[in-house]
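Protein chains in written order, with the numbering used here: chain F, 1 to 441; chain P, 442 to 901.
Glycine residues also receive a C-beta, built at the ideal position from the N, C-alpha and C atoms.
Let me begin by presenting the structure, written as structure tokens, before commenting on it.
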């Protein structure tokens, strides 16, 4: 029968797979459309990444300066006549003395040629106002320095600090529009010729509390406030969240009440954080009379805010423990509570901890509810405990971002860098925990 | 002081109760563990719970109620003083008495009646605390004695202890409901007080928002206007801008990640995009105020447009950036949930990848995408810090995105920040706005959940 097949005429085309011109064009067009679509996707991801880079670099760029502090050296004479005229070295007298005059004398001594009153005032403006308190602190620590002359490094004022770090900002701006006048710039030049200018890492940024003067303001108080707030949050929401999740996942009967609880938890996760702030204000402050601005109120509010996060994460971790574990434990005679407490929860612990850390990271970065409960006050002291008025790191950033002084801009960005470092650290720990202890059943 | 003693004594007693309860269980059966119904440590827990729990409940109750009870007593003592000062000074006077009793100084010269009340307050407080100390110890001792006598081979200690544990677990899960009820009640209660002063319809449909209340009656604008429409339009406008930015970028990047990207690319890029989700909103706000706002303004100046430095556009764009990872992760979930067989069916018919995505995957994932969209809206209208830092404070009823606009959340913050008395319409207005916000987000959330449940196709 091979003849018949040979009798079939050869097809007009060289191969059955060759397409007609119209089809080929159509296929090309469709392939081009596919490539275009793919490019849209790449473009979208590229935009997102670019935005992230711009965001991080703009903050890093303006924040690096916040970690550096400019200081000027002064020969300060602790004049006994000014500080302690009666010579008793009584602490109360030493504390009350006018160190502004001591500082002014030291400044005048460094520039004896400046005599004009206005010029003197401009000269004084190069040095931070806080230098007075520095001098007072030194005298109180060691009264024996009264009557001596010491070389002391005092912080530069915000304007002088800005000039030393980045002198280019004054170029091309008319003198009248500048914060720093020509003669002040000249004085800074003289100081630097004498070797009396230094830039060093600003440790006090991490230890001191907020201040009206940008050059000495620090995040120490905010860090402590964040610590107390997170401590309260953890103490409240970790046990409650984990126990609630255990109940819902392992014990809850299917009834109206538990359904209601489930729906509630899902909805609570979607309630805007600011509403939790209103709750904290009305319940904890108005009804229970807890102190305003205190980390204990902030911590309780945050605990309610991240409770759903922890419950959801814990339930997922409990669900991941295979039923065989439970059945084996029941098989050897364990009671339901024993099964959960001695077998399921220990196995789910890495997942629970991961969820908790992620929840805590969220609590660390949350700002809005704390504005409601008064944690936005200007607080110049380090808080001593969870009942003291305090502020937290993100609120401090908000406060500084709102301040008109230019010097606060780099402080804001520097504070933001610290906050982001903490958050990335916490998330990294969470990811590490998940990777390290993850069990595939 | 007395209460600290009570707490310390209770802790020690409870620990001792556990140790000796366990021992006693063994003693009652002569060391033969098998004769016991429950393991000895359950007997220990049983005794410890009976010893510690009643006293602890008493202590917590007292700590919650102490302020109220003591206030009642000094109100009696201060009677004439309070009547003279009038109702608005009521709280301030009581606070003064409390401060004096704690040994702090108060702002004004304390009157003799005030000092007497403070004395009475502190003596009452210490005697009441002492009474609670005694009652607490008695309760602990009684509980201990009762449990001690019960310990024995027949006692079903494990069942008892486990019942308590179950109760505690249940109570913890009820906290979620209590929180919701707390939110609803606190916000609703204050909002109702607000509507007592400002008519509900005026609030909902008024087009004027200027909550400044005058200090004197005859001042200009002393009435204050509480019309929510300008806030609504501002909120919706900024949300709209945010979604115009976030929706395409989030959706397209999710599609690329799920359908086109190699696993290597995905593993490298996904965590980086997740960083965007982890950045706190205050940082976005700072970014908007520091970089984006001035950049838009400079750009507008170059084009000859007048751009407000607190333009709705800048706030909306930055909010859009914030929402991108939110949308992309939710839509990613929806796309991944579309079964393989659908894709392969489309490929088998000769569809290209993009045709498969557009004609098969997106329709199949649509309920999830719509839910993501709704949740993103709810997220955007509840977002606070970006708009507080980058959008304006004045309520403009305008459609120009380059103008300054304000939102519901911004107004809540500005109304409540700063020292306010709790009774002014200004403060109460914040709670009314909070109620509106709560209801709006709740409805969006419920609808989103409903959409993704009801319209989800089942393919298996």
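Per DSSP, residue 288 of chain F is not a residue of any beta strand (DSSP E), being assigned neither H nor E.
In the DSSP assignment, residue 336 of chain F falls within the alpha helix (DSSP H) that extends over 336-339. In the three-state reduction of the DSSP assignment, residue 153 of chain F falls in the strand class, which pools E and B. The Cβ atoms of residue 214 of chain F and residue 407 of chain F lie closer than 8 Å to each other. With fewer than 16 neighbouring CB atoms inside 10 Å of its own CB, residue 896 of chain P falls in the exposed class. In the DSSP annotation of this structure, residue 832 of chain P is not part of any alpha helix (DSSP H), being labelled neither H nor E. Ranked by Cα distance from residue 220 of chain F, the first of F/228, F/229, F/206 and F/422 is F/206. Within its own chain, the residues whose Cβ lies closer than 8 Å to the Cβ of residue 717 of chain P, once the five positions on either side in sequence are excluded, are 762, 763, 765 and 766, listed in chain order. Distance from the CA atom of residue 184 of chain F to the CA atom of residue 394 of chain F, rounded to whole angstroms, is 35 Å. Less than 8 Å separates the beta-carbon of residue 844 of chain P from that of residue 749 of chain P. By a beta-carbon distance limit of 8 Å, residue 347 of chain F does not contact residue 241 of chain F. Their separation comes to about 18 Å.
For the pair residue 690 of chain P and residue 681 of chain P, the Cα-to-Cα distance works out to about 14 Å.
Using a Cβ-Cβ distance cut-off of 8 Å, the segment 252-260 of chain F and the segment 323-330 of chain F are not in contact, since fewer than three pairs of beta carbons, one from each stretch, lie closer than that value. Beta-carbon to beta-carbon, residue 793 of chain P and residue 34 of chain F are separated by about 4 Å, close enough to satisfy the 8 Å threshold. In the three-state DSSP reduction, residue 199 of chain F falls in the strand class (E or B).
Collapsing the DSSP output to three states places residue 91 of chain F in a helix.
Put simply, the CB of residue 762 of chain P is near chain F, with a gap under 8 Å to one of its CB atoms. Excluding sequence positions up to five before and after residue 756 of chain P, its CB lies within less than 7 Å of the CB of 679, 729, 827, 828, 831 and 832, all in the same chain and listed in chain order. The segment 797-808 of chain P makes no contact with the segment 735-745 of chain P: fewer than 3 CB pairs, one atom from each, lie closer than 8 Å. Among the residues facing chain F, residue 794 of chain P is included, as its CB has a counterpart in that chain under 8 Å away. Per DSSP, the unbroken beta strand (DSSP E) holding residue 73 of chain F starts and ends at 68-77. The beta carbon of residue 62 of chain F falls within 8 Å of a beta carbon belonging to chain P, placing the residue at that interface. Distance from the CA of residue 320 of chain F to the CA of residue 159 of chain F, rounded to the nearest whole angstrom, comes to 58 Å. By alpha-carbon distance to residue 51 of chain F, the top candidate from P/824, P/836, P/814 and P/758 is P/758. Chain-ordered listing is empty here: chain F has no CB closer than 7 Å to the CB of residue 837 of chain P, the nearest sitting near 21 Å.
Remark: three or more beta-carbon pairs, one from each stretch, lie closer than 8 Å, so the segment 38-49 of chain F and the segment 700-715 of chain P are flagged as touching.
A distance below 8 Å separates the beta carbons of residue 639 of chain P and residue 667 of chain P. A straight-line Cα-Cα distance of about 12 Å links residue 278 of chain F and residue 305 of chain F. Identification of chain P residues near residue 49 of chain F by a Cβ-Cβ cut-off of 8 Å yields 710, 713 and 714, ordered along the chain. Ranked by how close their Cα comes to the Cα of residue 768 of chain P, the residues P/885, P/751, P/578 and P/810 have P/810 in first place. For the segment 27-57 of chain F, the set of positions with a beta-carbon nearer than 7 Å to some beta-carbon of chain P reads 30, 31, 33, 34, 37, 38, 40, 41, 42, 44, 45, 47, 48, 49, 51, 52 and 55 in chain order. Taking 4 residues as the minimum length, the alpha helix (DSSP H) runs contained wholly in the segment 299-359 of chain F are 323-331 and 336-339, in order along the chain.
The Cβ atoms of residue 838 of chain P and residue 674 of chain P sit closer than 8 Å to each other. Taking one beta carbon from each stretch, the segment 332-352 of chain F and the segment 366-380 of chain F have fewer than 3 pairs nearer than 8 Å; the two do not touch.
The Cβ of residue 552 of chain P sits no closer than 8 Å to any Cβ of chain F. Going by C-alpha positions, residue 672 of chain P is about 28 Å away from residue 719 of chain P.
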